[in-house]
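To convert, take the position in the sequence shown, counting from 1, and add 669; that gives the working numbering.
All residues carry an ideal CB built from backbone N, CA and C; glycine is no exception.
In this text, all values refer to a predicted model and were calculated from it rather than measured experimentally.
Structure first, then comments.
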Amino acid sequence: MIKNERLKDYKYSFLNIAGHEKAVHFLKNLALNDRIPAGFLFYGPEGIGKRSVAFSFAAEMLCKDLNLGLEREGNSPSGPCGECPACRGILNGTNSNFIFIEPKDDSIRIEKIHELNSYMSLTPFYDNYRFVIIDNASKMNASAANALLKMLEEPPERSVFILITTSMGSILPTIISRCQVLEFKPLSEDLLAKYACDRFKDVDKRTLDVYSRLSRGSCSTLEKLVTGNYLEYRNDITELFSNGLFYSGSLSYGYIMSEKFNRIMKNSEDDPQGTEKFLFETLLLILRDIFVYFMTKNEKLLYNIDISGKIKEIIKNAGLNGNMIMQMIELTAAYINKINYNLNRTIATDGYFVRLLKDISAK
Ligand SMILES: [Zn+2]
670 MIKNERLKDY KYSFLNIAGH EKAVHFLKNL ALNDRIPAGF LFYGPEGIGK RSVAFSFAAE
730 MLCKDLNLGL EREGNSPSGP CGECPACRGI LNGTNSNFIF IEPKDDSIRI EKIHELNSYM
790 SLTPFYDNYR FVIIDNASKM NASAANALLK MLEEPPERSV FILITTSMGS ILPTIISRCQ
850 VLEFKPLSED LLAKYACDRF KDVDKRTLDV YSRLSRGSCS TLEKLVTGNY LEYRNDITEL
910 FSNGLFYSGS LSYGYIMSEK FNRIMKNSED DPQGTEKFLF ETLLLILRDI FVYFMTKNEK
970 LLYNIDISGK IKEIIKNAGL NGNMIMQMIE LTAAYINKIN YNLNRTIATD GYFVRLLKDI
1030 SAK
């Protein structure tokens, strides 16, 4: 029993993967039959667990108690031990049979692939598999992709390349043809809610249900929302927005909104640009809900379902119509796209909120 408690702490194991049963089952079978192809391409939306599955697959294969986690007949699965040098080496980057590559300055350059190539020409340690995981593989430039293709065409013995991407369109078709392609889909809300309950035992269930819905199928979004205290920010910005619409007759109220907005921002000066983007994206999601409710009158379709009453109140009190809501959505989306180029945040948010009220009062 003690052993199982300890195993839970080691993150990379098929036992810890939420959802993706088909992919996990498929990989387990390949491993059991010792028929692991040299190339894989994992694709699907951001933040749903592609990398965790890839890391777990490597851990399952590289743990010194080889295949410990795989369900052989009469064997109950227990996952990688989490303690041997192989397991620890995956965590801290010292496992010589485990190579992880991700973009630097938004690209994976040919030098990196050349480096990989010379490394892979050495014999693997302990006669084991060697895993190369390339995250955001679409960030390889053309020459890097071609160099990788050469390796996939004549893969070194017992090497396994796992390419991870959100868009198949940006991967060379010749690379795709060399890979076993696995599609990953967003997790269902129920599954995320269950994962959330297991993961955050000290947060109440009602709150976690809201977070699960807001995460739109992504485990990593869920983690960010819970640990970033999202609901508090969301409630602040919703309040600010609904008050603003109430006073929309007076454009100068836009400056007050802007000031209040920057006060909410003050709480997190360590990453102002990130926080600003986060707050505006939150506002965009609220506007999306306002639009959906306005069109359908169906609150089951809302992301921010816990504040459906507030959303109805905003539509009613501000006398919003479809055009006005669309205008606010466009204004907000355009603002988010420009956030990285703002030289002065106060001037930029002043402009945004005044314009927002102007659009509303133009009816
Ligand atoms: Zn181990």
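Grouping DSSP H, G and I as helix and E and B as strand, with all else coil, what is residue i?
{"i": "serine 828", "result": "strand"}
{"i": "valine 895", "result": "helix"}
{"i": "threonine 834", "result": "strand"}
{"i": "serine 776", "result": "strand"}
{"i": "tyrosine 916", "result": "coil"}
{"i": "leucine 737", "result": "Here leucine 737 scores only 46 on pLDDT, less than 50, and its place in the model should not be relied on; the value that follows carries that caveat. Here leucine 737 sits in coil by DSSP."}
{"i": "valine 879", "result": "helix"}
{"i": "arginine 847", "result": "coil"}
{"i": "leucine 823", "result": "The sequence as given places glutamate at residue 823; leucine does not occur at that position. Coil at glutamate 823, not helix or strand."}
{"i": "isoleucine 925", "result": "helix"}
{"i": "valine 801", "result": "strand"}
{"i": "glutamate 852", "result": "strand"}
{"i": "isoleucine 768", "result": "strand"}
Work out the CA separation of residue j and residue i for me, nearest whole Å.
{"i": "leucine 737", "j": "tyrosine 962", "result": "Any reading at leucine 737 is ruled out, since the residue's pLDDT is 46, under 50, leaving its predicted position unreliable."}
{"i": "methionine 730", "j": "isoleucine 906", "result": "47 angstroms"}
{"i": "arginine 868", "j": "glutamate 690", "result": "19 angstroms"}
{"i": "proline 706", "j": "alanine 700", "result": "10 angstroms"}
{"i": "lysine 863", "j": "arginine 1014", "result": "39 angstroms"}
{"i": "serine 887", "j": "serine 857", "result": "9 angstroms"}
{"i": "glutamate 742", "j": "phenylalanine 960", "result": "Bear in mind that the predicted position of glutamate 742 carries a pLDDT of just 49, short of 50, making it unreliable; the figure below should be weighed with that in mind. In a straight line, the C-alpha of glutamate 742 is about 54 angstroms away from that of phenylalanine 960."}
{"i": "alanine 1034", "j": "glycine 718", "result": "In the structure as shown, the chain begins at 670 and stops at 1032. Residue 1034 is therefore absent and cannot be evaluated."}
{"i": "leucine 1000", "j": "asparagine 764", "result": "49 angstroms"}
{"i": "lysine 1027", "j": "leucine 861", "result": "40 angstroms"}
{"i": "lysine 874", "j": "isoleucine 686", "result": "21 angstroms"}
{"i": "aspartate 859", "j": "arginine 827", "result": "38 angstroms"}
{"i": "asparagine 702", "j": "asparagine 898", "result": "45 angstroms"}
{"i": "leucine 914", "j": "alanine 987", "result": "6 angstroms"}
{"i": "lysine 854", "j": "aspartate 975", "result": "26 angstroms"}
{"i": "phenylalanine 947", "j": "asparagine 797", "result": "44 angstroms"}
{"i": "phenylalanine 830", "j": "threonine 890", "result": "27 angstroms"}
{"i": "arginine 675", "j": "cysteine 732", "result": "In this predicted model, arginine 675 has a pLDDT of only 41, less than 50, meaning its place in the structure is not dependable; the value taken from the coordinates is given anyway. Each residue's alpha carbon lies about 15 angstroms from the other."}
{"i": "tyrosine 1021", "j": "tyrosine 1004", "result": "7 angstroms"}
{"i": "serine 1030", "j": "phenylalanine 949", "result": "21 angstroms"}
{"i": "arginine 1024", "j": "tyrosine 924", "result": "10 angstroms"}
{"i": "glycine 991", "j": "glutamate 784", "result": "56 angstroms"}
{"i": "aspartate 769", "j": "alanine 1017", "result": "The question names aspartate, but residue 769 is phenylalanine in the sequence shown. Distance between the alpha carbons of phenylalanine 769 and alanine 1017: 40 angstroms."}
{"i": "serine 839", "j": "isoleucine 933", "result": "39 angstroms"}
{"i": "serine 812", "j": "asparagine 766", "result": "25 angstroms"}
{"i": "glutamine 942", "j": "aspartate 1019", "result": "16 angstroms"}
{"i": "leucine 952", "j": "threonine 792", "result": "54 angstroms"}
{"i": "glycine 762", "j": "arginine 720", "result": "15 angstroms"}
{"i": "alanine 723", "j": "threonine 896", "result": "25 angstroms"}
{"i": "alanine 728", "j": "histidine 694", "result": "15 angstroms"}
{"i": "alanine 865", "j": "threonine 835", "result": "24 angstroms"}
{"i": "methionine 789", "j": "asparagine 805", "result": "20 angstroms"}
{"i": "serine 776", "j": "isoleucine 803", "result": "12 angstroms"}
{"i": "proline 714", "j": "arginine 885", "result": "10 angstroms"}
Tell me whether residue i counts as near ligand 1, meaning its Cβ is closer than 6 angstroms to at least one heavy atom of that ligand.
{"i": "alanine 727", "result": "no"}
{"i": "cysteine 753", "result": "yes"}
{"i": "cysteine 750", "result": "yes"}
{"i": "cysteine 848", "result": "no"}
{"i": "cysteine 866", "result": "no"}
{"i": "cysteine 888", "result": "no"}
Could you check whether the Cβ of residue i sits closer than 6 angstroms to any heavy atom belonging to ligand 2?
{"i": "serine 917", "result": "Absent from the structure shown: ligand 2. Ligands present: ligand 1."}
- Those runs of the alpha helix (DSSP H) which lie wholly inside the region 943-993 and span at least 4 residues: 977-986
- Query: Which ranges does the beta strand (DSSP E) cover as unbroken runs of at least 3 residues, wholly within the region 695-728, from first to last along the chain?
  - Reply: Fully enclosed beta strand (DSSP E) runs of no fewer than 3 residues occupy 708-712 of the region 695-728, in order along the chain.
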